[in-house]
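Undergrad: Encoded as structure tokens, here's the structure I'll be asking about.
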Amino acid sequence: MSVNHPFNETRTTSVLVTGGAGYIGSHTLVELLSNGVRPIVIDNFENSSPESLRRVASLCGSEPFTLYEGDIRDSGLLDRIFSEQKIESVIHFAGLKAVGESVREPLRYYDNNVGGTVKLLEAMQAHDVQTIVFSSSATVYGDPHTTPIKEDFPRSAVNPYGRTKLMIEEILTDLHATDPKWKIALLRYFNPVGAHPSGVIGEDPNGIPNNLLPFISKVAVGQLEELSIFGDDYPTPDGTGVRDYIHVVDLARGHVHALRAFQKETVPNFLTVNLGTGRGYSVLEMVHAFERVSGKTIPYEFAARRAGDVATCFADPALANRLLGWSAQLGIEEMCRDAWNWQSKNPEGFKR
Ligand code: NAD
Ligand code: UD1
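For the sequence shown, the working numbering begins at 200 and goes up steadily by one.
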């Protein structure tokens, strides 16, 4: 990793990756690098550590990318990056993602997620960079009336975090309507889980995890006592919530596919696709899969439903397959195996 210095001119394509030090960003860097793409990272490390980038560098060989440490809301910095670097496209991960926090601090979420995206788009426009892949979320479907969920289902949001995703989708839609030369991919992620199979990078949430797999991992490694399962009376086969968990490596590859798709004449300039497996698993199925691969017992208790949770959410991923030539390859065993491999090798995450 080099800081603020261009390097390795043998790579021709360069992609600005905002939030590249984060969970999905770091895994995407690995996939970009292994496909000969030169990433340039901007991250303010608000929810990540430079250690994740050092580890990506060690996985992929020395000096594979350039880092700008800073905030996407800093227009001066963005202007400098686009002036110093030959950037063809942007993958935009930078943002805040904790639902509960967004309810407590809505202005911080609107400022960072929506305000930051506007600054980024302004800089792109000023520098004639008109290709962006955006991290949207299945949260934009709210409580779906049926499953599997298709991209044309109604959208709604029940919290400020979800609303920032809806707003950014609208902003990008308006931008494309004004200038159809923009190439825009809205990737709606379902539930990203797991880690790189090396166990070198993975998810490193701050404090007590909100999401299921990181919580289970911390119980398995002995840092938390037991899992609370939020609800056992949902209209699902075993009463617990059903989600479409997707391996983070599959998800990362979806971004490389999206960039490639834009090089084809046959693919529309504005894409909205689900990135999920198309298969839902219940909380109990995830617990049991994790127990199988880790050999650990996960103690759990049933607790009240969590506000804002839906019973069942899984994707119809057919459009991503058709437009991007992408489909998820890794199953629940690999998701749990790699989550456990990462957690057991790095019980303190990126803190050594
Ligand atoms: P993450 O928090 O691990 O990564 C986000 C990165 O962006 C972090 O490194 C953080 O430091 C950085 N960042 C935040 N605000 C910034 C700013 N203003 N300027 C520069 N850097 C900034 O999150 P993730 O799980 O990798 O998620 C990436 C994106 O995908 C987010 O936009 C998130 O909303 C979206 N998403 C995530 C999930 C999920 O379950 N992880 C699901 C759907 C959508
Ligand atoms: C959550 C967010 C969603 C966000 C997504 C990103 C909420 C309400 N929703 O989705 O907006 O896009 O993360 O990944 O926060 N569960 C337990 N015990 C736990 C944790 C979770 O039983 O300790 C259950 C949940 O009730 C749910 C399933 O596990 O049925 C998955 O939960 P989680 O990993 O938090 O993801 P989502 O709720 O789908």
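By construction, the Cβ of each residue, glycine as well, lies at the ideal position given by its N, Cα and C atoms.
Predicted model only: the values in this text are computed from it and were never measured.
Ligand 1 and I241: does the residue's C-beta get closer than 8 Å to at least one heavy atom of that ligand?
TA: Taking the sequence shown and counting its residues from 1, one reaches residue 241 at position 42. Yes, the beta carbon of I241 sits closer than 8 Å to at least one heavy atom of ligand 1.
Undergrad: Once DSSP output is grouped into helix, strand and coil, what is the label at I348?
TA: As a working mapping, residue 348 is identified with position 149 in the sequence shown. Looking at I348 - three-state DSSP - the assignment turns out to be strand.
Undergrad: If you reduce the DSSP assignment to three classes, tell me which class S247 lands in.
TA: As a first step, residue 247 must be located in the sequence shown, where it is residue number 48. Coil at S247, not helix or strand.
Undergrad: For ligand 1, any of its heavy atoms closer than 8 Å to the Cβ of K550?
TA: Taking the sequence shown and counting its residues from 1, one reaches residue 550 at position 351. K550: no, Cβ never under 8 Å from ligand 1.
Undergrad: Considering only residues of the same chain and omitting the five flanking positions on each side of P498, which have a CB-CB separation below 6 Å?
TA: One-based indexing of the sequence shown puts residue 498 at position 299. Once the five neighbours on either side are set aside, the close Cβ partners of P498 are E425.
Undergrad: When the Cα of I290 is compared with those of W541, A457, L474, which residue comes out closest?
TA: Position 91 of the sequence shown, counted from the first residue, corresponds to residue 290. Comparing Cα positions, the closest option is A457.
Undergrad: Output needed for G218: all residues of its chain with C-beta closer than 7 Å, excluding positions within five of it in sequence on either side, in chain order.
TA: Translated into the one-based positions of the sequence shown, residue 218 becomes position 19. Counting only Cβ-Cβ distances below 7 Å, and skipping sequence neighbours, we find G224, D242, F292, A293, G294.
Undergrad: Going by the C-beta, is T338 closer than 8 Å to any heavy atom of ligand 2?
TA: Sequence index remark: in the sequence shown, residue 338 carries index 139 (1-based). Yes - ligand 2 has a heavy atom lying nearer than 8 Å to the Cβ of T338.
Undergrad: Taking C-beta to C-beta, are G475 and F389 nearer than 9 Å?
TA: If you number the sequence shown from 1, residue 475 lands on position 276. If you number the sequence shown from 1, residue 389 lands on position 190. The answer is yes: Cβ separation under 9 Å.
Undergrad: Over what stretch of residues does the alpha helix (DSSP H) that includes E424 continue unbroken?
TA: Sequence index remark: in the sequence shown, residue 424 carries index 225 (1-based). Looking at the DSSP string, E424 is not in any alpha helix (DSSP H), and its letter there is neither H nor E.
Undergrad: Closest to N540 by C-alpha separation, out of P434, T265, V399, would be which residue?
TA: Within the sequence shown, the letter at position 341 stands for residue 540. Of the candidates P434, T265, V399, the one whose C-alpha sits nearest the C-alpha of N540 is V399.
Undergrad: With DSSP collapsed to three states, give me the class of F549.
TA: As a first step, residue 549 must be located in the sequence shown, where it is residue number 350. Here F549 sits in coil by DSSP.
Undergrad: With hydrogens ignored, establish whether the beta-carbon of F414 is closer than 8 Å to any heavy atom of ligand 1.
TA: Sequence index remark: in the sequence shown, residue 414 carries index 215 (1-based). The answer is no for F414.
Undergrad: Is N473 near ligand 1, going by C-beta to nearest heavy atom under 8 Å?
TA: The residue labelled residue 473 in the question sits at position 274 within the sequence shown. It does not: the Cβ of N473 is nowhere closer than 8 Å to a heavy atom of ligand 1.
Undergrad: Is the stretch 402-421 close to the stretch 492-506, with three or more CB pairs under 8 Å?
TA: Yes, since at least three Cβ pairs between the stretch 402-421 and the stretch 492-506 fall closer than 8 Å, the two stretches touch.
Undergrad: Which residues mark the beginning and the end of the alpha helix (DSSP H) in which D373 is found?
TA: Within the sequence shown, the letter at position 174 stands for residue 373. Taken as a continuous stretch (DSSP letters only), the alpha helix (DSSP H) holding D373 covers 359-377.
Undergrad: List the DSSP bridge partners of N473.
TA: Along the sequence shown, one-based indexing puts residue 473 at 274. Answer by DSSP bridge pairing, in chain order: R387.
Undergrad: If you check the beta carbons only, do D508 and G430 fall under 9 Å apart?
TA: As a first step, residue 508 must be located in the sequence shown, where it is residue number 309. As a first step, residue 430 must be located in the sequence shown, where it is residue number 231. Result yes, Cβ atoms of D508 and G430 sit closer than 9 Å.
Undergrad: Which whole-angstrom value describes the C-beta separation of S274 and I239, a residue pair presumed to lie in contact below a C-beta threshold of 8 Å?
TA: In the sequence shown, residue 274 corresponds to position 75, counting from 1. In the sequence shown, residue 239 corresponds to position 40, counting from 1. Not quite, the Cβ-Cβ distance comes to about 17 Å (not below 8 Å), so this is no contact.
Undergrad: Mind checking E321: buried by the 16 CB within 10 Å criterion, or exposed?
TA: Counting from 1 along the sequence shown, the entry for residue 321 is found at position 122. Answer is exposed; the Cβ neighbour count stays below 16.
Undergrad: Excluding the five sequence neighbours on either side, which residues of its own chain have a C-beta within less than 8 Å of the C-beta of Y308, listed in chain order?
TA: Your numbering for residue 308 matches position 109 in the sequence shown. Correct list, in chain order: L295, E300, S301, P359, Y360, T363.
Undergrad: In whole angstroms, what separates the C-alpha of T209 from that of L228?
TA: Looking up residue 209 in the sequence shown gives position 10. Looking up residue 228 in the sequence shown gives position 29. Reliability fails at T209, whose pLDDT of 42 lies under 50, so the model's placement of it is uncertain and no value is given.
Undergrad: Apart from the five residues on each side of it in sequence, which residues of its chain come closer than 7 Å, Cβ to Cβ, to V482?
TA: Reading the sequence shown from its first residue, position 283 is the one you call residue 482. The answer, listed in chain order, is L411, I428, T439, G440.
Undergrad: Which of the three DSSP states is assigned to D242 in this structure?
TA: To locate residue 242, count along the sequence shown from 1; it is residue 43. The answer is strand: DSSP assigns D242 an E or B state.
Undergrad: Just list the alpha helix (DSSP H) runs in the stretch 466-512, keeping only unbroken ones of 4 residues or longer that don't cross its boundaries, in chain order.
TA: Those alpha helix (DSSP H) runs which fall completely within the stretch 466-512 and span 4+ residues are 482-493.
Undergrad: Quick check: the stretch 445-456 against the stretch 514-527, are at least 3 beta-carbon pairs closer than 8 Å?
TA: Yes, the stretch 514-527 touches the stretch 445-456.
Undergrad: Out of Q324, A337, T345, point me to the one whose CA is closest to P379's CA.
TA: Position 180 of the sequence shown, counted from the first residue, corresponds to residue 379. Among Q324, A337, T345, the Cα nearest to that of P379 belongs to Q324.
Undergrad: How about K382 and F489: are their beta carbons less than 9 Å apart?
TA: Within the sequence shown, numbered from 1, the residue matching residue 382 stands at position 183. Within the sequence shown, numbered from 1, the residue matching residue 489 stands at position 290. Taking 9 Å as the Cβ cut-off, K382 and F489 do not qualify as a contacting pair.
Undergrad: Tell me whether V392 sits in a helix, a strand or coil according to DSSP, three-state version.
TA: Here the question's residue 392 lines up with position 193 in the sequence shown. The answer is strand: DSSP assigns V392 an E or B state.
Undergrad: Let me know if D167 comes out buried or exposed under the rule of 16 or more other beta-carbons within 10 Å of its beta-carbon.
TA: Only positions 200 to 551 of the chain appear in this structure, which leaves residue 167 out of reach.
Undergrad: Tell whether a beta-carbon distance below 9 Å holds between I286 and Y267.
TA: Mapped onto the sequence shown, residue 286 falls at position 87. Mapped onto the sequence shown, residue 267 falls at position 68. For I286 and Y267, no; Cβs fall outside 9 Å.
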